[in-house]
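Here's the structure we're looking at; comments come further down.
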Amino acid sequence: MSDVLGAFEQAVLLGIVRLGDEAYGRAILKEVQARLDRDVAPGAVHATLERLERKKLVASKLGSGTPIRAGRARRYYRLTPAAVRALNDARAAADSIWRGLKWPLTAKRSPA
Amino acid sequence: MTIDDAVTRPPAWAEWLLRLVLREDDRDSVSGDLLEEFRESIVPALGARANAWYVRQVAGFVAREIWPCAAVVAATCVVRYLFDTLLPIKYTPGVIAERSAVMTWTLIATVTSCAAWHAWRTRRLGAALVIVILATFVGGLLAQAGTLLCFAVRHDPATVAAIEGSGGFGEAFIDPSIGLAIAAGVVGLPGAIAGRLARAVYGWSSANTKSA
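Those protein sequences? They're chains P and A, same order as listed. Going by the working numbering, the residue at position 69 of the first sequence is 69; the numbering climbs one at a time, nothing skipped. Add 1000 to a position in the second sequence, counting from 1, and you land on the number used in the working numbering.
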């Protein structure tokens, strides 16, 4: 059975998928902020990436630096096959629990 | 693109602290990400308030590293306060009470293991010591807040007498943050050395295994 992913972990992993070869820390942060439409702390993304790497759901390698980063290397991330399985399972589970319901839900008035 | 360092440089102490608490593998990449975000997005958007943003982000990174140790320190002190006020005992000078020994060894074990873990993670003795000192300082502040809250809820004469009998108000409400932080620097050192040595031995043995 694949890992069960939290919503934020899914956002980070799907950010990596969308960014492809350009998936490094700050780009992932921007992608997650844009998708979740809220301010996200860089530390939260870093902690999630570290956790995902520990769970072997992402792999990383160092790239080159740029002047704006004072020459400090970028770390590029990519998904492992285990992460792809986990994302597919998460999507299948979400589809399954939503099946037959109209989205968005509307609040029903409770009986008086 | 030219970078005007004088304008777009975050506080040096905050950058130093950030790089200190990061894993060796992440030191350049994570501090570089934060610097890039600071220069490309935050300075243009916030101007003079950009430094405050940077300090907040660093505080977030530091908080993630110190909270487990700080929480254990705070909980230990508050539990001890509750024991001393709800189940007071008569302390005899020169004799270490069982609950004092349990509290002391819990704190020593917490600080030592925290220092060892961070020396292993960062491969720096200094980082481990800074982290345990910050963690115990914050844990002490939380303990003070917790004990003050307990005192606000229950402050009858028996509680006051129990506090005075177990070390006084200074020990309960003032000493924890500064006193524990100083002690953590001393107690944490052997743990930090052990963690650093273990990492060196592990690195040496895995390098030999790979080359074999």
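Backbone N, C-alpha and C define an ideal beta-carbon position, used for all residues, glycine too.
Item	Value
Residue range of the unbroken beta strand (DSSP E) whose run includes residue 1072/A	Premise fails: residue 1072/A lies in the alpha helix (DSSP H), 1050 to 1086, not in any beta strand (DSSP E).
Alpha carbon of residue 1033/A to alpha carbon of residue 1040/A, nearest angstrom	10 Å
Other residues of its chain near residue 19/P: CB distance less than 7 Å, five sequence neighbours each side excluded	27, 28 and 31
Whether residue 1058/A touches residue 1110/A by CB criterion (8 Å)	no
Residues in the stretch 1104 to 1135 of chain A having any Cβ partner in chain P nearer than 9 Å	none
Option nearest residue 1086/A by Cα separation, candidates 1195/A, 1165/A, 1178/A and 1191/A	1165/A
Helix, strand or coil at residue 77/P according to DSSP, with G and I counted as helix	strand
The stretch 1195 to 1209 of chain A in contact with the stretch 1114 to 1133 of chain A per 3-pair CB rule at 8 Å	yes
Buried or exposed by the 16-neighbour rule on C-beta atoms within 10 Å, applied to residue 1142/A	buried
Uninterrupted beta strand (DSSP E) stretches inside the stretch 1109 to 1146 of chain A (no shorter than 3 residues)	none
Close beta carbons around residue 55/P, own chain, < 7 Å, minus the five adjacent residues each side	3
Where the alpha helix (DSSP H) through residue 25/P begins and ends	25 to 36
Alpha-carbon spacing of residue 37/P relative to residue 1103/A, whole angstroms	46 Å
Given residue 1075/A as reference, the closest of 1162/A, 1131/A and 1139/A once Cα atoms are compared	1139/A
Below-8 Å beta-carbon distance, residue 1060/A vs any chain P residue	yes
Limits of the unbroken beta strand (DSSP E) element including residue 65/P	58 to 65
Contact belief for residue 77/P with residue 34/P at Cβ below 8 Å, rounded distance in angstroms	About 17 Å; that fails the 8 Å criterion.
Assumed close pair residue 1135/A, residue 1066/A - CB separation to whole angstroms, cut-off 8 Å	4 Å
Segment limits, alpha helix (DSSP H) that includes residue 103/P	Looking at the DSSP string, residue 103/P is not in any alpha helix (DSSP H), and its letter there is neither H nor E.
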